[in-house]
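Participant:
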Amino acid sequence: MPGHPVPRSQWVESAETCAACDKRFSFFISKENCPCCGRLFCSTCLSATCELFPMAPPKAVCPDCFRKTEDWRLGQREQQQTSSHGDTVAAAPPPTSSAALEAKVKMYEEQFDAVKSNARQLREENDSLIDLLAAKDISIANLKEELTKADVLISDSAKAAGTLRAQLQDEPHERQSMERRFEEAVQRAATATQASDSMAEQIREHAEAKIASEALVARLEARAQKAEDKYTQSEQEMKELRAAMKAVNAHNAERIDELTARLQSMADANAHLQREYDRKVEVLHLAEQYRTAADEMHDVEVQHLRNYLTYAISTAMKVVEAYGGRQILATKAVYGAGSADAPARQCAINAVDERLNESNSAGQHDKGELSHSVGEAFRPQSEAALTAEPSGASAPKLCTSHGTEIAAAQQEVSSQREVNARLRAELADKERRLSELQRGCIEAATAARAELKGLRRRLSETKLAHAGWRDSCEACLIELQRVIEAAVSPVSVTGSEMSRTSATKSRWARPTIVEEVQYPSVAEVDVRAIAPVPGLEQWEFDTVAEAQRGGEADVLMRIGHQVALNLHLFPDSASLHRWVCMLATVQANYRANPYHNQVHAADVLQGVYALMCSCPDLLAQMTAMEKRAVMFAAAVHDIRHPGRSEMFLKNTFDATYMQYNGLQVLEQMHTATAFHLLATPELDFTRGDMDDAEALQFHGLVAALIGCTFMGRHASLMEQWSCPLQKGEKYDLAVAADRQHVLSLLLHAADVGAQARGLAVAPKWLGIVEEMCAQGDEEAARGLPLSPGSSRNASLERDQLFFIETFVVPLFDLVHQLFPTIESPMRNLRAMHARYCMALQEARAFPPPVQYRKPTEPADSTAEASHAEYLNARQAALRNQEKALEQSMQRLREAAAAVASREKQVEERATAARKVEASFNSHRSDRQEAFSSIDEEELLRATAAVVAREAEVQQRAAEVEKMTAALEEREEIASRLAEQLADVAEKMNGRRRFLHYREARLRQFEAALRGAQGADLLSFNDVPSRMDYTGAKPAAAPASCDRISPASVKMVKLESALEKLTSALRSLQGRSLSPESKRDTWAAACAPESS
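With the first letter of the sequence shown counted as 1, position 942 gets the number 942 in full-length UniProt numbering; the numbers rise by one all the way through.
Printed below as a string of structure tokens:
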């Protein structure tokens, strides 16, 4: 083609958009140069291929260059055909001279140049015609649009003309009807004028009644204002009381700390005094022992003294007899004086003995002083035995000094006792003051609590009175409005209607506390403006924090929109928009309760979604209708909840309770409200792709799911949900009925599982306690019986522990046993249970898992042996199957490699064949004259080679298809073998659980035997008469141990083999190991354990 392809130096180097489709180049849209014109195009526009040079491979070019090239080639072919046809028609006999041949060649060249110029002109004319056709198409499209608009205007004008004609035709009839209505109005005016006089007096009375009602309303508003002022004042007093209580508690705490410190110091001082007192008592005890020894020595000395006096008297008698007269008298006089002093000395000695005896109980001197005093007391007595007169004077001195020392010791002891008594009295006084202070604090707290209860009671009474006044005001206003309407209306009120209006309401006609359905405007809801919410698949997701972050008013809409996107619930944007509008309407119908509000609904919706994500098998089996049903049921399961229980509605004769006949009242009300909203076309997200049968299934599933949230059915539902575990089975998720049971279980768990969300999230959901306490306050104010858990005096931690241990833990334990992948709720419940026990300072064990099935024990060891043989046989069969599977896998790999190599060869040969064919075609089209010189035999050989290669390619393709079918069959065999291995592994896991249970029972039996043996040994030590029984008891223990030990060893071996087999199965299913590593793994799994 002349002028093409352009040289590479003239190619366009940079551009922002494609030259054909104006797409902007980016990371995902690449740009390439057209090898013909050099402009930049995207990969989509460079889709046509053509040969730019003879015998060259085809290249991708732009559409314009492809069209130009094809037009040029077509023109060349037509020109060649024309020239060849002209030559054949007007040809003369072939010239023989070279001049003629040159002239003919020159003529052909001129004709070729003329054809080229004609082709160029034709191409230019063709381009201009194409442009004209494009402009013509644009103008035709514009004309069609204008014609369509004109047709629309004509049809509108025709419709307007038709309506005008109809109005003109109806005008006489309307004029007649208006005249007739005017006559009737004149007649009614006449009758009204006649009745106005009779009604004037009634209107005047009604006006007076309106004035009286307005005055009553003003008085009631004043009373309501006073009640609000009292309520504000009571709140202020409550705040002041709380502040005073805090101050009193702080002051009491300071006083208690101060008294505790003083008591501690006094206790330390008392301990020190007690230690001193004990030391001195020990010293006195030693002194008493020393004094007793001294008394014995003193008695011996006194006896010696008496013997000496007797000897002196006998000697004096002999001297008197030996000497005479005056000497005898003098001796008698001396003897008489000595004998007169002897009784005095005897009395002194007796007095000293008595005082020494008294000092045995009251002496408090130390050992050194007392021994020194006793030594000095003995020394004068021994000297007095030699000389009578000095001894008579020293005895009173000894007694006096000893008495002084004893008196000092007694005085010191008495003073110490007084100090101790004073300290004890002071300590008792302080303890008494402390007890009085504590008693005063308790009394003050009790009084404050009682006053707080009184204020709350008065507040509730005030609220009830205000509500009653408001109801009465509303009733008065309604009555006044009815009277005014009756006065204005020409129809008179009959006596029966007035009697019904004035009659007292029955208990069966009381109003309901459930609010009416709200319909907010959803016209401004923009789905694209909703912010994404990440992390919804996590069970510990904090919905309260998300509500605080993005706004509590639309948290349900944000989470429900994100869940719908994650689950692909809706096929189009219109259904998704209706779903978002439904969520906006649903969250507007939740009251501002402490717990049952739109945040709780959003939390349950997220919780169900998180539990479903933790069960991928369930999520894979669920239909689109079931996903929508469970999400919709979670969103509306507490809609229009009044913040009061069903028992409260029953005791107050609420209209909602009477409407649903007391059968799951709130759940029926939630379901009815949900489908009442779904009846609105703008909110019906089921009308897009759900037929009548699916709609009925949707209604039944939503009603059943919401009904399962009723706590009154908890026990029966738990029994129903645990039926597969009691039979040793599990739910078949491929069955719709089993999926419904599982979905109801997950919804109920998400509804009551707020305390299983983790330590950081669970305390934020204790608003249920405040809601129940508010219900208890209203029940107390109305004089109704209190509902369980509605008392403010109960312990929060104890109530939560009861609820967790009774309801939440068994529920999530059942969920965990059915779906072991759901583990985090039980872990969080353990942490919350430990926290509440720590707050109560109690050691309470976490509830153990529930054993829903009680397996029977084997009768004897023969069954165990047979089972072991069966396990060995199964293991051998598994090893054989593993070998066969490994061989088949190896053959599959070899076949896959062979197929890949053959496919590669086939592709190479096909590419070579395409190249030969392309070169043949291009050579034949572009070089028509040169083909005349090619040898016909070479052309035939090339054609035969191409045909042979095509046949070979077809044969190889047939072989590839056969190998593919064989591979598919082998893969199917491998999948069946894998399923059989999985079934065997599941059965062996069940057997392993049974062996664990039996081992636990054997351990219990051994523990019981050991306990019985210990009891027998104790009874042997206490009662010797049982020697025969206790002697026989220990002899049975070794036999039981010998009988149990082989079974325990065998169970350990079986458990180890099962674990290895399980790991081998996982590695085989994963197909990530090499054949050698798999063979080693299976060999290690099947190798016997060393004993």
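Glycine is no exception: its CB is placed at the ideal position from the N, C-alpha and C atoms.
(1) Pull up the distance between the alpha-carbon of Arg-1001 and that of Arg-853, whole angstroms please.
(2) Between Asp-813, Val-984, Gln-817, which has its C-alpha nearest Ala-876's C-alpha?
(3) Alpha carbon to alpha carbon, how far is Met-612 from Phe-812?
(4) Would the beta-carbon of Thr-656 fall within 7 Å of that of Met-669?
(5) Can you tell me whether Thr-315 is buried or exposed? The criterion is at least 16 other CB atoms within 10 Å of its CB, across all chains shown.
(6) Rounded C-beta distance between Ala-760 and Ala-754? I'm assuming under 8 Å.
(7) For the region 811-845, which segments carrying the alpha helix (DSSP H) assignment without a break, of at least 4 residues, lie completely within its bounds, in sequence order?
(8) Assign Val-761 to one of three DSSP states: helix, strand, or coil.
(9) Closer than 6 Å by C-beta to Met-647: which residues in its own chain qualify, once you throw out the five before and the five after it? Chain order, please.
(10) Suppose the cutoff is 6 Å on Cβ atoms and the five residues either side in sequence are ignored; what does the same chain contact list for Ser-30 look like?
(11) Find out if the Cβ-Cβ distance for the pair Leu-618, Ser-722 is shorter than 7 Å.
(12) Around the C-beta of Ala-987, are 16 or more other C-beta atoms found within 10 angstroms, so that it is buried, or is it exposed?
(13) Taking the alpha carbon of Ala-475 as the point to measure from, which residue in Ala-134, Cys-62, Met-266, Val-217 has its own alpha carbon closest?
(14) Cα separation between Thr-49 and Ala-60?
(15) Can you tell me where the alpha helix (DSSP H) with Ala-588 in it begins and where it stops?
(16) Quick test of your reading: Arg-798 and Cys-773, contact by CB under 8 Å. State the CB separation rounded to the nearest angstrom.
(17) Looking at the structure shown, is Ser-1045 part of a helix, part of a strand, or coil, going by DSSP?
(18) Quick test of your reading: Leu-46 and Cys-36, contact by CB under 8 Å. State the CB separation rounded to the nearest angstrom.
(19) Quick check: the Cα distance between Leu-153 and Phe-41, rounded to an integer number of angstroms?
(20) For the region 539-549 against the region 671-679, are there 3 or more C-beta pairs whose distance is under 8 Å?
(21) Could you check where the alpha helix (DSSP H) with Phe-803 kicks off and where it finishes?
(22) Would you mind sorting Ile-645 into buried or exposed? The rule is 16 or more other CB atoms within 10 Å of its CB.
(23) Can you tell me whether Lys-627 is buried or exposed? The criterion is at least 16 other CB atoms within 10 Å of its CB, across all chains shown.
(24) When burial is assigned at 16 or more other CB atoms within 10 Å of the CB, is Pro-54 buried or exposed?
(25) Work out the CA separation of Leu-164 and Ser-157 for me, nearest whole Å.
(26) Should the region 743-751 be called in touch with the region 694-709, which here means at least 3 C-beta pairs below 8 Å?
(27) Span of the beta strand (DSSP E) holding Lys-31?
(28) Nearest by alpha-carbon distance to Glu-540: which of Tyr-609, Arg-180, Tyr-595, Thr-310 is it?
(29) Go ahead and label Ala-134 buried or exposed: buried means 16 or more other beta carbons lie within 10 angstroms of its beta carbon, across all protein chains shown.
(30) Assign Thr-232 to one of three DSSP states: helix, strand, or coil.
(31) Once you ignore the five residues that flank Val-514 on each side, which residues in its own chain have a CB closer than 6 Å to its CB?
(32) Please state whether DSSP places Leu-40 in a helix, a strand or coil.
(33) Just to confirm the assignment, what range does the beta strand (DSSP E) spanning Thr-806 have?
(34) Relative to the C-alpha of Glu-969, which candidate in Arg-891, Val-281, Asn-880, Leu-576 has its C-alpha closest?
(35) For Ala-48, which residues does DSSP report across the bridge?
(36) Going by DSSP, what residues sit across from Arg-24 in a beta bridge?
Facilitator: Concretely, from the data shown:
(1) Looking up residue 1001 in the sequence shown gives position 1001. Looking up residue 853 in the sequence shown gives position 853. Here the alpha carbons of Arg-853 and Arg-1001 stand approximately 15 Å from one another.
(2) Sequence index remark: in the sequence shown, residue 876 carries index 876 (1-based). Among Asp-813, Val-984, Gln-817, the Cα nearest to that of Ala-876 belongs to Val-984.
(3) Locating residue 612 in the sequence shown gives position 612, where the first residue counts as 1. Locating residue 812 in the sequence shown gives position 812, where the first residue counts as 1. Spanning the two alpha carbons is a distance of roughly 14 Å.
(4) For the purposes of this step, residue 656 is taken as residue 656 along the sequence shown, with counting starting at 1. For the purposes of this step, residue 669 is taken as residue 669 along the sequence shown, with counting starting at 1. Against a cut-off of 7 Å, the Cβ pair of Met-669 and Thr-656 comes out as a contact.
(5) Along the sequence shown, one-based indexing puts residue 315 at 315. Exposed, because fewer than 16 other Cβ atoms sit within 10 Å of the Cβ of Thr-315.
(6) Within the sequence shown, numbered from 1, the residue matching residue 760 stands at position 760. Within the sequence shown, numbered from 1, the residue matching residue 754 stands at position 754. Not a contact, Cβ separation roughly 13 Å.
(7) Listed in chain order, the alpha helix (DSSP H) runs fully inside the region 811-845 are 824-840, counting runs of at least 4 residues.
(8) Here residue 761 refers to the residue found at position 761 when the sequence shown is read from its first residue. Here Val-761 sits in coil by DSSP.
(9) Reading the sequence shown from its first residue, position 647 is the one you call residue 647. Result list for Met-647: Ser-787, in chain order.
(10) Translated into positions along the sequence shown, residue 30 becomes position 30. Non-local C-beta neighbours of Ser-30 in its own chain, meaning closer than 6 Å and more than five positions away in sequence, comprise Ser-43, ordered along the chain.
(11) Position 618 of the sequence shown, counted from the first residue, corresponds to residue 618. Position 722 of the sequence shown, counted from the first residue, corresponds to residue 722. Cβ distance not < 7 Å, so Leu-618 and Ser-722 don't count as in contact.
(12) The residue labelled residue 987 in the question sits at position 987 within the sequence shown. According to the sequence provided, residue 987 is Lys. The question's Ala does not apply to it. Exposed, by the Cβ-count rule.
(13) Sequence index remark: in the sequence shown, residue 475 carries index 475 (1-based). Minimum Cα-Cα distance from Ala-475 among the listed residues Ala-134, Cys-62, Met-266, Val-217 corresponds to Val-217.
(14) As a working note, residue 49 is residue 49 in the sequence shown. As a working note, residue 60 is residue 60 in the sequence shown. Whole-angstrom Cα-Cα distance: 4 Å.
(15) If you number the sequence shown from 1, residue 588 lands on position 588. DSSP places Ala-588 in the uninterrupted alpha helix (DSSP H) bounded by 573-588.
(16) Position 798 of the sequence shown, counted from the start, is the residue given in the question as residue 798. Position 773 of the sequence shown, counted from the start, is the residue given in the question as residue 773. At roughly 15 Å, the Cβ-Cβ gap does not stay under 8 Å, so Arg-798 and Cys-773 are not in contact.
(17) Taking the sequence shown and counting its residues from 1, one reaches residue 1045 at position 1045. Annotation note: pLDDT 49 at Ser-1045 (below 50); position unreliable, coordinate value reported separately. Helix at Ser-1045.
(18) The sequence position of residue 46 within the sequence shown is 46, counting from 1. The sequence position of residue 36 within the sequence shown is 36, counting from 1. The pair is not a contact, with the Cβ atoms about 10 Å apart (cut-off 8 Å).
(19) In the sequence shown, the residue the question calls residue 153 occupies position 153. In the sequence shown, the residue the question calls residue 41 occupies position 41. Between Leu-153 and Phe-41, the C-alpha separation is close to 44 Å.
(20) Cβ pair count under 8 Å is below three, so no.
(21) As a position in the sequence shown, residue 803 is number 803, starting the count at 1. Looking at the DSSP string, the run of the alpha helix (DSSP H) that includes Phe-803 is 796-803.
(22) As a position in the sequence shown, residue 645 is number 645, starting the count at 1. Per the sequence presented here, residue 645 reads as Ser, with Ile not at that position. Classification of Ser-645: buried, given that the 10 Å Cβ count is 16 or more.
(23) Your numbering for residue 627 matches position 627 in the sequence shown. Counting Cβ neighbours within 10 Å, Lys-627 comes out buried, since at least 16 surround it.
(24) Taking the sequence shown and counting its residues from 1, the one referred to as residue 54 is at position 54. When all chains shown are included, Pro-54 counts as exposed.
(25) Taking the first residue of the sequence shown as position 1, residue 157 is located at position 157. Taking the first residue of the sequence shown as position 1, residue 164 is located at position 164. One Cα belongs to Ser-157, the other to Leu-164, and the distance between them is close to 10 Å.
(26) Below 8 Å, enough C-beta pairs join the region 743-751 and the region 694-709 to call them touching: three or more.
(27) As a working mapping, residue 31 is identified with position 31 in the sequence shown. Element bounds for Lys-31: 31-33.
(28) Working through the sequence shown from its first residue, we reach residue 540 at position 540. Per the Cα distances, Tyr-609.
(29) Here residue 134 is taken as the residue at index 134 of the sequence shown, counted from 1. The residue in question, Ala-134, is exposed, as its Cβ has fewer than 16 Cβ neighbours within 10 Å.
(30) Your numbering for residue 232 matches position 232 in the sequence shown. Note: Thr-232 maps to helix in three-state DSSP.
(31) Within the sequence shown, the letter at position 514 stands for residue 514. Once the five neighbours on either side are set aside, the close Cβ partners of Val-514 are Arg-640, Pro-642, Thr-656.
(32) Here the question's residue 40 lines up with position 40 in the sequence shown. The three-state secondary structure of Leu-40, taken from DSSP, is strand.
(33) Here the question's residue 806 lines up with position 806 in the sequence shown. Here Thr-806 belongs to no beta strand (DSSP E), and DSSP marks it neither H nor E.
(34) As a first step, residue 969 is located in the sequence shown; it is residue number 969 there, counting from the start. Of Arg-891, Val-281, Asn-880, Leu-576, the smallest CA-CA separation from Glu-969 is found for Arg-891.
(35) Start at 1 with the first residue of the sequence shown, and residue 48 comes out as number 48. Beta-bridge pairing links Ala-48 to Val-61.
(36) Indexing the sequence shown from 1 puts residue 24 at position 24. Thr-17, per the DSSP bridge assignment.
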